[in-house]
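Residue numbers (the numbering used here), protein chains in the order written: chain A, 74 to 187; chain B, 74 to 187.
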DNA sequence: GGGCGTTATCCTTATTTAAGGATAGCGATA
DNA sequence: TATCGCTATCCTTAAATAAGGATAACGCCC
């Protein structure tokens, strides 16, 4: 038995969460949405739709696109995107810690004896 | 913008969460799975499958069934079911409080100015 | 101007999950 | 023994979500 959870920002639907966070991290490392998606086992298709959708809900762009060019193009995380990404990074870690504590407090004993 | 989340116990899939909790509460009040389901807008079908599935995952019964009888039958929450229900009640409340605090801490400022 | 890899879309097909209808069986009680 | 409301299932349909193929456009660079 263990605790499971999902946490996300909501504004007319999911506006930011684990998926977008991982995607932004990958873009940051690779300079490419396509590569970032491949890296986390997500189809480019899905990744593209995801970023597009949540940008619409957030109301500001998370990445700056470069279509064409010597390397074919690429994407970089915007400053607001980076700010959100960094905040979420700390937030998710603190959430993880506190939820583990609460689980232990309320259910640890109940499910340890089995 | 606001925080959204789901928290549940997992053992070979969802083993307990908000849905089952509300269902147990309803059974406690009504003495009937059917009435409890109707009360929270869930079909009896779905409710029956839900209870059955999570009982399998938990490994112990949440309710005791009475098939037939003067009133047609009914269900009552078992003692272990009640224990789980009560623990979850407090757990979920503390989760709510702490997640609200963390959201405020990390995103309150970011999304207040808009 | 041709090549290349990326972004930008569209569209079709699976897969999963939700919804709901239908029906049998049960057993205390009147 | 007939009634009544509930549990126990099965089965079909609908809806939402995921998966993935296909293709156009773009623009630096050789």
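We put the beta carbon where it would ideally sit given N, CA and C, even for glycine. These figures come from a predicted structure and were not determined experimentally.
Cβ atoms of residue 117 of chain B and residue 158 of chain B stay farther apart than 8 Å, at about 20 Å. For residue 148 of chain B, the number of other beta carbons within 10 angstroms of its own is at least 16, and it is reported as buried.
Pairing residue 87 of chain A with residue 130 of chain A gives a Cβ-Cβ distance under 9 Å.
Residue range 91-103 is occupied by the alpha helix (DSSP H) that includes residue 92 of chain B.
CA-to-CA, the gap between residue 96 of chain A and residue 177 of chain B works out to about 24 Å.
Under the Cβ criterion of 9 Å, residue 149 of chain A is not counted among the residues facing chain B. The beta carbon of residue 103 of chain B is closer than 6 Å to those of 109 in its chain, skipping five residues each way along the sequence. With a beta-carbon spacing of about 13 Å, residue 92 of chain A and residue 112 of chain A fall beyond the 8 Å limit used to define contacts. Residue 140 of chain B counts as exposed, since fewer than 16 other beta carbons sit within 10 angstroms of its beta carbon. Secondary structure note for residue 119 of chain B: its alpha helix (DSSP H) is the uninterrupted segment 117-131.
The three-state secondary structure of residue 154 of chain A, taken from DSSP, is helix.
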